[in-house]
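One structure is given below, encoded as structure tokens.
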Amino acid sequence: MSDAELEDLRERAERGDEEAAARLVELAGDRADSYELRLLAQSGRTAALSELVQLAAQRGDIVEIQRLAASGDRDAAAVLDALYADDPTDDGT
Numbered sequence: 314m315s316d317a318e319l320e321d322l323r324e325r326a327e328r329g330d331e332e333a334a335a336r337l338v339e340l341a342g343d344r345a346d347s348y349e350l351r352l353l354a355q356s357g358r359t360a361a362l363s364e365l366v367q368l369a370a371q372r373g374d375i376v377e378i379q380r381l382a383a384s385g386d387r388d389a390a391a392v393l394d395a396l397y398a399d400d401p402t403d404d405g406t
């Protein structure tokens, strides 16, 4: 996809075009573009937030997952819970 086509999608999404926003989320996920996903999530796109959590989990980016969980994202909190539950160094104290 060309830069001009991406810019057109961004402009359409800003005007409330849900199809354009969904396509942007899909493309950003395909490119593993966490910056674009963050921007989309900040504009209220829940699919972008879910994709961002998934990408951070795949990358093992604990800082990003913690940031998302601290901002109230339940998926990120669940990922953290799963990570800490699987911690072999946790002695239960």
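Taking our numbering, the leading residue of the sequence shown gets 314, the next gets one more, and so forth.
Beta carbons are placed, not taken as given, at the ideal position from N, Cα and C, and that holds for glycine.
Could you check what DSSP says for residue i in three-state terms: helix, strand or coil?
| i | result |
| --- | --- |
| Arg372 | helix |
| Arg328 | coil |
| Ser356 | coil |
Just how far apart, CA to CA, sit residue i and residue j?
| i | j | result |
| --- | --- | --- |
| Ala282 | Glu339 | This structure does not reach residue 282, given that the chain is present from 314 up to 406, and the question cannot be answered. |
| Arg351 | Glu320 | 16 angstroms |
| Leu362 | Asp316 | 23 angstroms |
| Ala398 | Ala333 | 38 angstroms |
| Met314 | Ala382 | 32 angstroms |
| Ala326 | Arg358 | 10 angstroms |
How would you call residue i, buried or exposed, if buried means at least 16 neighbouring beta carbons within 10 angstroms?
| i | result |
| --- | --- |
| Ala386 | The identity of residue 386 in the sequence shown is Asp, whereas the question assumes Ala. Buried, since its Cβ has 16 or more Cβ neighbours within 10 Å. |
| Val376 | exposed |
Would you mind stating whether residue i and residue j have Cβ atoms separated by less than 9 angstroms?
| i | j | result |
| --- | --- | --- |
| Ala335 | Ala360 | yes |
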